[in-house]
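These notes concern the structure reproduced below.
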Amino acid sequence: MTIFTRIIKGEIPSYKVAEDDKNYAFLDINPLVKGHTLVVPKLSEPESDYLFDLADDQYASLMRFAKKVAKGLKAATGCKRVGVAVLGMEVNHVHIHLIPLNSEKDMLFSNPKLNLPAEEMAIIANSIAEAVEKN
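Just so we're aligned: the sequence shown equals residues 3 to 137 in our numbering.
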């Protein structure tokens with residue numbers, strides 16, 4: 003069982019920003035920028051770690067959900083764009099990075115990660131969650 007499955011099941015706490023019956027979105031604990039969000043499908047066994055191995059319906063559902071979350075993320079952060087990255091190398095569970103961008107440099111994974119206090123992470127998550135609900 004991956005760490006993301008344990009987060010989805012509530013076994014590990016997260017800063018949830020959105021959820022539906024098939025997908026879950028939460029703040030990256032080591033964000034590149036404030037609001038960096040991970041979007042993951044709720045997978046049954048066996049878990050997939052490669053986006054393009056998802057069944058067509060799972061893939062479509064995940065992308066529609068990511069689009070909804072990205073719109074809320076943009077509204078909540080006021081960024082110019084929301085960048086999308088699918089690397090899948092860090093955790094063996096399909097996941098999409100949604101990253102608020104004000105410049106292309108905001109999406110460099112070689113940049114130092116932010117270490118934000120829990121209170122600030124909660125505030126960010128709540129503001130994104132509210133914006134997702136409105137969009």
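Using N, Cα and C, we set each Cβ at its ideal position, and we do this for glycine too.
| query | Under the rule that 16 or more other beta-carbon atoms within 10 Å means buried, what is residue 12, buried or exposed? | reply | Along the sequence shown, one-based indexing puts residue 12 at 10. It counts as exposed.
| said: I believe residue 62 touches residue 100 by the beta-carbon criterion, under 8 Å. Please report the beta-carbon distance rounded to the nearest angstrom. | reply: By 1-based counting over the sequence shown, the position of residue 62 is 60. By 1-based counting over the sequence shown, the position of residue 100 is 98. The pair is not a contact, with the Cβ atoms about 17 Å apart (cut-off 8 Å).
| request: Would you mind stating whether residue 78 and residue 129 have Cβ atoms separated by less than 8 Å? | output: Taking the first residue of the sequence shown as position 1, residue 78 is located at position 76. Taking the first residue of the sequence shown as position 1, residue 129 is located at position 127. Yes, they are a contact pair.
| query | Quick one, which of 68, 96 and 93 has its alpha-carbon nearest residue 84's? | reply | Position 82 of the sequence shown holds residue 84. Considering only alpha carbons, the answer is 68.
| said: Using 8 Å for Cβ pairs, my map puts residue 134 next to residue 19. What's the rounded Cβ distance? | reply: In the sequence shown, the residue the question calls residue 134 occupies position 132. In the sequence shown, the residue the question calls residue 19 occupies position 17. Correct: roughly 6 Å between the Cβ atoms.
| task | State the start and end residues of the unbroken beta strand (DSSP E) segment that holds residue 94. | result | Counting from one through the sequence shown, the residue named residue 94 turns up at place 92. From DSSP, residue 94 is part of no beta strand (DSSP E); its letter is neither H nor E.
| said: Quick check on the DSSP output: what are the complete alpha helix (DSSP H) runs of length 4 or more inside the region 21-91, in order along the chain? | reply: 58-79
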